[in-house]
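Beneath this line is the structure, given in structure tokens, with notes to follow.
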Amino acid sequence: MEDAGKNPTIFSAHSLPSDPRLLATVTNAYLGTRVYHDTLHVSGVYNGACGDTHRAILPSPLNVKLEVPAGTGEQLTKTFALDTNTGSFLHTLEGPRFRASQRIYAHRTLPHVLAFSVSITRLAAGSWPVTVLLQSAFSPESPDLDLHLGPDFQGARYVYGRTLTSEQPGGPQQEVHMLWSPVPPALTLREGEEVGTWEFLTVVGGSQAEAQACLSDALHLQAQGTLYTAHAQAWAQLWADCGLDVVGPLPLRQALRGALYYLLSALPQPGAPHYVCHGLSPGGLSNGSREECYWGHVFWDQDLWMLPNILMFHPEAARALLEYRIRTLGGALNNARDLGFQGAKFAWESAGSGLEVCPEAIYGTQELHINGAVVLAFQLYYHATQDLQLFREAGGWDVVSAVAEFWCSRVEWNPGDEKYHLKGVMPPDEYHSGVDNSVYTNVLVQNSLHFAAALAQDLGRPIPNQWLVVADKIKVPFDPKLNFHPEFDGYQPGVDGECRRVGGRELLNGHGGLPASGTVWVHGVQGSKLDFSFSEGSVTVEVMARSGPWAPPLEAELWPSQARLPLPPGHKISFPCSAGRIQRSRL
67 MEDAGKNPTI FSAHSLPSDP RLLATVTNAY LGTRVYHDTL HVSGVYNGAC GDTHRAILPS
127 PLNVKLEVPA GTGEQLTKTF ALDTNTGSFL HTLEGPRFRA SQRIYAHRTL PHVLAFSVSI
187 TRLAAGSWPV TVLLQSAFSP ESPDLDLHLG PDFQGARYVY GRTLTSEQPG GPQQEVHMLW
247 SPVPPALTLR EGEEVGTWEF LTVVGGSQAE AQACLSDALH LQAQGTLYTA HAQAWAQLWA
307 DCGLDVVGPL PLRQALRGAL YYLLSALPQP GAPHYVCHGL SPGGLSNGSR EECYWGHVFW
367 DQDLWMLPNI LMFHPEAARA LLEYRIRTLG GALNNARDLG FQGAKFAWES AGSGLEVCPE
427 AIYGTQELHI NGAVVLAFQL YYHATQDLQL FREAGGWDVV SAVAEFWCSR VEWNPGDEKY
487 HLKGVMPPDE YHSGVDNSVY TNVLVQNSLH FAAALAQDLG RPIPNQWLVV ADKIKVPFDP
547 KLNFHPEFDG YQPGVDGECR RVGGRELLNG HGGLPASGTV WVHGVQGSKL DFSFSEGSVT
607 VEVMARSGPW APPLEAELWP SQARLPLPPG HKISFPCSAG RIQRSRL
């Protein structure tokens with residue numbers, strides 16, 4: 067969509083995209099849809115067995131288009147706008163005599179509620195009636211749900227049913243209950259009226275009682291005239307707490323705002339009670355039907371790409387994402403057992419149970435770096451929040467330790483180079499499979515084991531010696547002649563023709579290897595400039611300059627040993643590669 071002047075928060079256009087996949091989405095933590103699309107999705111509701119598991123399609127009563135009768139003689143200007151400030155989509159028809167607008171939104175504080183409103187405003191003197199048409203092809207049918215019509219409730223229609231096929235044999239077929247306001251074919255601003263507004267609700271729950279209670283809550287706000295106001299105020303508060311803008315070109319600001327909007331819209335309002343997270347899929351809750359956007363499955367995208375950004379702005383929501391991994395640990399334990407290993411192997415594609423639901427077995431079997439991404443998410447959360455309760459009482463330790471056990475059972479000792487090898491994996495570069503010692507994966511193994519050991523110490527638990535041995539002895543491919551980390555054993559430098567669309571090289575991301583720079587300079591660390599030099603197995607740090615006498619002395623703290631090495635200016639300090647941090651000296 068086009069930009070609205072210099073405002074990066076509103077995306078507007080005078081026509082809709084021809085590709086329906088590009089339609090704007092309105093989503094909250096429980097419900098999601100694309101505007102003018104016949105489908106909505108419910109968080110955590112999947113249909114289909116194993117590799118056929120996908121988000122269940124629920125017909126959308128919000129698929130209503132605003133039009134004017136033919137032959138009115140009005141020259142109307144159409145505008146479509148996604149307003150990220152209020153988390154709503156607006157369609158406006160404006161002419162010399164009247165303005166008609168439709169607003170569509172997923173309610174921010176009532177996550178079981180979707181709503182749209184239509185307003186007609188008279189712009190010219192006169193008292194004639196103004197009529198607009200509401201075009202809807204809604205039908206209470208679904209290819210994924212056995213739906214039945216039930217009795218009306220407080221003026222709303224009612225449909226309910228179960229998914230047709232459970233994710234796993236013998237598993238539950240999930241219930242869905244939906245209430246919605248019937249939509250008339252037309253609305254009229256009567257003679258003598260200046261403004262008219264009509265609101266239409268869609269409410270979804272996991273039981274009839276839940277759906278009815280949520281509808282009653284929405285009707286209460288509607289009766290007070292605050293249904294939309296409460297939603298808009300919640301978005302305003304969210305942006306006040308989580309907003310981010312930059313000085314720069316408008317497209318950059320729009321990209322930043324749009325990315326934050328889609329992330330935040332999928333998360334609960336801070337302080338929302340009784341929220342259960344079912345994970346974040348790359349395509350969001352508005353997508354994920356069969357054959358669409360990874361079918362709504364949860365990947366490593368949640369843990370490696372989404373969570374770090376969420377953690378900075380909304381730690382409570384980041385914890386909810388980790389709780390999804392905790393709840394699906396049982397499935398991960400089964401995945402590892404099915405592969406013949408101990409511990410937990412998180413699914414490459416996960417849905418409700420945590421069991422592997424990837425349609426192609428090779429990815430679930432070989433893309434082991436999902437485990438490293440999951441543990442890294444827990445690690446980042448712990449370092450950012452120091453929330454020991456999650457690990458001590460809420461299951462976080464079970465995840466971290468189970469992944470450590472998996473790594474130790476999956477590696478093989480190679481007496482030739484006296485290293486542990488991780489064989490038969492697929493790196494993030496999915497053009498190669500069955501390779502040995504993916505450098506990216508093996509570094510994540512090291513990180514997972516180091517964090518597990520450090521966390522065990524913080525929790526007062528014994529540290530299995532095998533964790534430290536494997537972390538210390540796992541092979542991390544390195545070519546000293548070319549001074550770079552090959553992507554895997556046998557990798558030849560250069561980009562394979564089949565790999566050209568993988569994209570640019572990223573830090574240990576498996577796309578062709580990363581040249582290991584001889585030196586890296588970091589400015590602004592407690593007022594100092596640091597010079598890092600890297601070689602196989604070791605790091606050298608030198609404090610090159612201090613901004614002034616006020617700059618505090620620094621030290622390197624190594625994990626899990628907790629050893630502290632002073633970093634006096636002008637002195638080079640070398641130590642083995644290790645997890646750790648540079649911090650103000652405590653000496």
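Quick note: the sequence shown uses our numbering, first residue 67, plus one each step. Where is the CB? At the ideal position from N, CA and C, for every residue including glycine. Given the structure is predicted, the values throughout are model-derived calculations rather than measurements.
Take Gly-636 as the anchor and find which of Ser-627, Leu-624, Arg-650 and Pro-619 has the nearest alpha-carbon. Within the sequence shown, numbered from 1, the residue matching residue 636 stands at position 570. Answer by Cα proximity: Pro-619.
Are there 16 or more other CB atoms within 10 angstroms of the CB of Lys-541, so buried, or fewer, so exposed? Locating residue 541 in the sequence shown gives position 475, counting from the first residue. That one is buried.
Leaving out five residues on either side along the sequence, give the residues of the same chain with a beta carbon under 6 Å from the beta carbon of Thr-119. Within the sequence shown, numbered from 1, the residue matching residue 119 stands at position 53. The beta carbon of Thr-119 lies closer than 6 Å to those of Tyr-112, Glu-233, Ala-417 and Val-423 in the same chain, with the five residues before and after it left out.
Run the CB neighbour count on Trp-473, radius 10 Å, all protein chains shown included, and call it buried at 16 or more, exposed below. In the sequence shown, counting from the first residue as 1, residue 473 sits at position 407. Answer is buried; the Cβ neighbour count reaches 16.
According to the Cβ coordinates, are Gln-274 and Tyr-341 closer than 8 Å? Residue 274 sits at position 208 when you count from the first residue of the sequence shown. Residue 341 sits at position 275 when you count from the first residue of the sequence shown. Going by C-beta atoms, Gln-274 is not nearer than 8 Å to Tyr-341.
From Thr-91, Gly-114 and Gly-110, pick the residue whose C-alpha is nearest to that of His-103; which is it? The sequence position of residue 103 within the sequence shown is 37, counting from 1. Selected option, being the one with the closest Cα: Thr-91.
Are the C-beta atoms of Val-101 and some chain C residue less than 8 Å apart? Of the protein chains in this structure there is only one, and it is not chain C.
Would you grab the beta carbon distance between Ala-410 and Leu-395 for me? Rounded to a whole angstrom, and I think it's under 8 Å. Numbered from its first residue, the sequence shown carries residue 410 at position 344. Numbered from its first residue, the sequence shown carries residue 395 at position 329. Right, the Cβ-Cβ distance comes to about 6 Å (below 8 Å), so this counts as a contact.
Would you check if there are 3 or more beta carbon pairs closer than 8 Å linking the segment 524-542 to the segment 486-506? Judged by Cβ distances under 8 Å, the segment 524-542 makes contact with the segment 486-506, as three or more pairs qualify.
DSSP on Gln-432, reduced to helix/strand/coil? Along the sequence shown, read from residue 1 onward, the residue named residue 432 stands at position 366. If DSSP states are grouped into helix, strand and coil, Gln-432 belongs with the helices.
Where does the unbroken beta strand (DSSP E) through Phe-412 begin, and where does it stop? Within the sequence shown, numbered from 1, the residue matching residue 412 stands at position 346. Premise fails: Phe-412 is in no beta strand (DSSP E) and is neither H nor E.
Cα-Cα separation between Ser-486 and Ser-475, rounded to whole angstroms: Start at 1 with the first residue of the sequence shown, and residue 486 comes out as number 420. Start at 1 with the first residue of the sequence shown, and residue 475 comes out as number 409. The amino acid occupying residue 486 in the given sequence is Tyr; Ser does not appear at that position. Roughly 11 Å between the two C-alpha positions.
Between the alpha carbons of Ser-599 and Phe-641, how many angstroms are there, rounded? Numbered from its first residue, the sequence shown carries residue 599 at position 533. Numbered from its first residue, the sequence shown carries residue 641 at position 575. When rounded, the distance between both Cα atoms is 11 Å.
Are the segment 524-541 and the segment 476-483 touching by the rule of at least three beta carbon pairs closer than 8 Å? Judged by Cβ distances under 8 Å, the segment 524-541 makes contact with the segment 476-483, as three or more pairs qualify.
Quick check: the Cα distance between Leu-106 and Glu-415, rounded to an integer number of angstroms? Here residue 106 corresponds to residue number 40 of the sequence shown, with the count starting at 1. Here residue 415 corresponds to residue number 349 of the sequence shown, with the count starting at 1. The straight-line gap from Cα to Cα measures roughly 21 Å.
Note down the Cα distance separating Ala-166 from His-286, rounded to an integer number of angstroms. As a first step, residue 166 must be located in the sequence shown, where it is residue number 100. As a first step, residue 286 must be located in the sequence shown, where it is residue number 220. Cα-Cα distance, rounded: 26 Å.
Decide if Ala-191 is buried, meaning its Cβ has at least 16 other Cβ atoms within 10 Å, or exposed. Here the question's residue 191 lines up with position 125 in the sequence shown. So Ala-191 ends up on the exposed side.
Exposed or buried, which one is Pro-209 when buried takes at least 16 other CB atoms within 10 Å? Indexing the sequence shown from 1 puts residue 209 at position 143. Only exposed fits Pro-209, as fewer than 16 other CB atoms lie within 10 angstroms of its CB.
Backbone CA spacing between Thr-268 and Pro-348 [nearest angstrom]: In the sequence shown, counting from the first residue as 1, residue 268 sits at position 202. In the sequence shown, counting from the first residue as 1, residue 348 sits at position 282. Rounded to whole angstroms, Thr-268 to Pro-348 spans 25 Å at the Cα level.
Does the segment 72-83 come within contact of the segment 305-325, defined as at least 3 CB pairs closer than 8 Å? As far as the Cβ criterion goes, the segment 72-83 touches the segment 305-325, which means the pair count is three or higher.
With 16 as the cutoff for other CB atoms within 10 Å, does Glu-207 come out buried or exposed? Within the sequence shown, numbered from 1, the residue matching residue 207 stands at position 141. By the 10 Å Cβ count, Glu-207 comes out exposed.
Rounded to whole angstroms, how far is the Cβ of Leu-633 from the Cβ of Val-607, which I believe are closer than 8 Å? In the sequence shown, the residue the question calls residue 633 occupies position 567. In the sequence shown, the residue the question calls residue 607 occupies position 541. The pair is a contact, with the Cβ atoms about 6 Å apart (cut-off 8 Å).
For the beta strand (DSSP E) that contains Arg-476, what are its first and last residues? What you label residue 476 is simply residue 410 of the sequence shown in a count that begins at 1. Boundaries around Arg-476 are those of the alpha helix (DSSP H), 462-476, since no beta strand (DSSP E) includes it.
Proximity of Leu-510 and His-449 at Cβ, strictly below 8 Å: Here residue 510 is taken as the residue at index 444 of the sequence shown, counted from 1. Here residue 449 is taken as the residue at index 383 of the sequence shown, counted from 1. At least 8 Å separates the beta-carbon of Leu-510 from that of His-449.
Residue range of the unbroken beta strand (DSSP E) whose run includes Tyr-486: Stepping through the sequence shown from its first residue, residue 486 is reached at position 420. Per DSSP, Tyr-486 belongs to the beta strand (DSSP E) from 485-487.
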